[in-house]
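> The working numbering runs 330 ahead of the 1-based position in the sequence shown. Using N, Cα and C, we set each Cβ at its ideal position, and we do this for glycine too. Computed from a predicted structure; not experimentally measured.
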Amino acid sequence: MGPGQGLFTEAMGQLAAGVAVVTVKDDRDDLGTTVATLMSVSLDPPLVLISLDSAGYLAEVLLRRDRWAASVLTDGQQAVASRFATAGRPGARLLLAGVAHHRGAHSEALVVERGAAAIEAETIQVVPAGDHTLFIGEVLGVDYVDASRAPLVRLRSRYRLVQS
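Okay, structure coming up:
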């Protein structure tokens with residue numbers, strides 16, 4: 331028998347993770363969510379992985395829409411992260427009102443500007459994993475990289491910035 335959920339959640343909260351917003355253009359709307367599970371999987375070909383709650387609407391949409399974007403957030407973008415993490419949130423266009431963004435050339439998904447980096451990917455493999463679904467995507471393009479900005483991380487249930 332495994333550990334209690336609360337203890338497991340607390341243990342995993344000790345691991346700092348980068349914060350990103352994943353977005354997808356659906357037929358009717360733009361959708362997105364905050365993730366702390368964006369990771370590089372392979373350099374050749376360039377592959378990334380995101381993990382989404384299987385019961386969430388975004389996971390459902392990504393099962394039928396292969397192309398998506400991930401914007402790595404920075405210090406000063408905590409409000410963006412919080413907006414996209416809120417349950418029952420409206421569409422991504424409303425969440426990005428007043429925030430610099432553009433539509434990705436490869437995915438047509440909304441890309442948050444002034445972050446640390448942004449990529450666009452196409453899902454090539456979907457892996458069910460407990461109550462989550464892993465989406466492995468081949469990187470179609472890197473919209474930008476700005477190493478001068480301090481990345482935003484999540485540690486112990488709080489957003490924090492990395493000091494260099």
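Considering only residues of the same chain and omitting the five flanking positions on each side of Val429, which have a CB-CB separation below 7 Å?
Counting only Cβ-Cβ distances below 7 Å, and skipping sequence neighbours, we find Val410, Val442.
> Which of helix, strand or coil does DSSP assign to Arg486?
Correct three-state label for Arg486: coil.
> Looking at the structure shown, is Ala409 part of a helix, part of a strand, or coil, going by DSSP?
Ala409: helix per DSSP, three-state reduction.
> With DSSP as the reference, please indicate the residues paired to Ser384 in a beta bridge.
DSSP, once it has assigned bridges, lists no residue as partnering Ser384.
> Counting only runs of 3+ residues fully inside the segment 429-476, write out the beta strand (DSSP E) ranges in chain order.
Counting whole runs of 3 or more residues, the segment 429-476 contains the beta strand (DSSP E) stretches 431-433, 440-442, 447-459, 462-475.
> Any idea what DSSP makes of Leu379, helix, strand or coil?
Leu379 falls in the strand class under three-state DSSP.
> Going by DSSP, what residue range makes up the alpha helix (DSSP H) through Ala341?
335-342 is the extent of the alpha helix (DSSP H) around Ala341.
> What I want to know is whether the C-beta of Ala385 ends up closer than 6 Å to one or more non-hydrogen atoms of the ligand GDP.
Among the components modelled here there is no ligand, and therefore nothing to report on the ligand GDP.
> Whose C-beta lies closer than 8 Å to the C-beta of Leu440 among residues of the same chain, with five residues either side of it excluded?
Result list for Leu440: Thr353, Lys355, Asp360, Gly362, Ala399, Ala422, Arg423, Leu426, His431, His432, Arg433, Gly434, in chain order.
> Classify Leu393 as buried or exposed, calling it buried when 16 or more other Cβ atoms lie within 10 Å of its own Cβ.
So Leu393 ends up on the exposed side.
> Nearest-angstrom Cα distance between Val483 and Val469?
Approximately 22 Å between the Cα atoms of the pair.
> If I measure Cβ to Cβ from Leu388 and keep anything under 8 Å in the same chain, skipping five residues before and after, which residues do I get?
Once the five neighbours on either side are set aside, the close Cβ partners of Leu388 are Val352, Val354, Leu361, Gly362, Thr363, Leu382.
> With a threshold of 8 Å on Cβ separation, who are the neighbours of Gln344 within its own chain once the five nearest residues in sequence on each side are excluded?
Closer than 8 Å at Cβ, skipping near neighbours: Leu485, Arg486.
> Can you have a look at Thr339 and say buried or exposed, based on whether 16 or more other CB atoms are within 10 angstroms of its CB?
Thr339 comes out exposed.
> For Ser370, which residues of its own chain have a beta-carbon under 7 Å away from its beta-carbon, when the five flanking residues on both sides are left out?
Same-chain partners within the cutoff: Val378.
> Leaving out five residues before and five after Asp396 in sequence, what residues of the same chain have Cβ atoms less than 7 Å from its Cβ?
Glu452, Thr453, listed in sequence order.
> Whole angstroms is fine: what's the gap from Ser384's alpha carbon to Ala366's?
In a straight line, the C-alpha of Ser384 is about 15 Å away from that of Ala366.
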